[in-house]
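Numbering (mature numbering (1 follows the signal peptide of the UniProt record, and there is no 0)), first residue to last: -20 to -1, 1 to 143.
Written out as structure tokens, the structure is:
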């Protein structure tokens, strides 16, 4: 019985250790502190349209277990849930600014802005080989990705890891 107890404690330590290492790889982002042009995730559709204007196009997107609407603005997309709330984003034009805490991040900014804000994620980012710097939304499979080219931010989006 003692051996079983020691073995289960050992296995528990391994699981906790590997979980902690996995979570420590990237900086954790509080989704409540993310804003797009000062609008938080979860904002109502009427407020989105008031802030961003009427979208050029709206498309319905359906996946295996989810659906939403893409509101197209120039080269960017604001994702709205079926019940009418800001669900996600894919930003690639300068009309949109992402604010995290009090730091504003714009298309064209130097990657050094991200280095200061997300040091763990920057450490994982390989400037010569990587195209994306990633941070994790809390303890989820959702990430905040920053597309990088020539040491400049060229787009940012939230992304779900379905693997």
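Ideal placement from N, C-alpha and C gives every residue a C-beta, glycine not left out.
All values reported here derive from a predicted model rather than from experimental measurement.
| Query | Result |
| --- | --- |
| Rounded separation between residue 110 and residue 77 - CA only | 23 angstroms |
| Exposure label - residue 56; buried when at least 16 CB within 10 Å | buried |
| Residue 137 classed as buried or exposed, judged by whether at least 16 other C-beta atoms fall within 10 angstroms | buried |
| Cβ distance (whole Å) where residue 42 is taken to contact residue 135 below 8 angstroms | Incorrect: roughly 23 angstroms between the Cβ atoms, too far for contact. |
| Three-state secondary structure (DSSP) of residue 50 | strand |
| Neighbour-count burial assignment, residue 105, 16 or more Cβ in a 10 Å radius | buried |
| Backbone secondary structure at residue 113 - three-state DSSP | strand |
| Inter-stretch contact (C-beta, 8 angstroms, three-pair minimum) for the region 8 to 19 and the region 75 to 91 | yes |
| Entirely enclosed beta strand (DSSP E) segments - the region 44 to 100, minimum 3 residues | 47 to 53, 56 to 60, 66 to 71, 77 to 80, 83 to 86 |
| Contact set for residue 9: own chain, Cβ-Cβ below 6 angstroms, skip 5 residues either direction | 115, 117, 124 |
| Same chain only: Cβ atoms within 7 angstroms of residue 22, ignoring 5 sequence neighbours per side | 65, 66 |
| Distance, residue 98 Cα to residue -9 Cα | Only weak support exists for where residue -9 lies, its pLDDT of 33 falling under 50; the value from the coordinates is given anyway. Answer to the nearest angstrom: the Cα atoms are 30 angstroms apart. |
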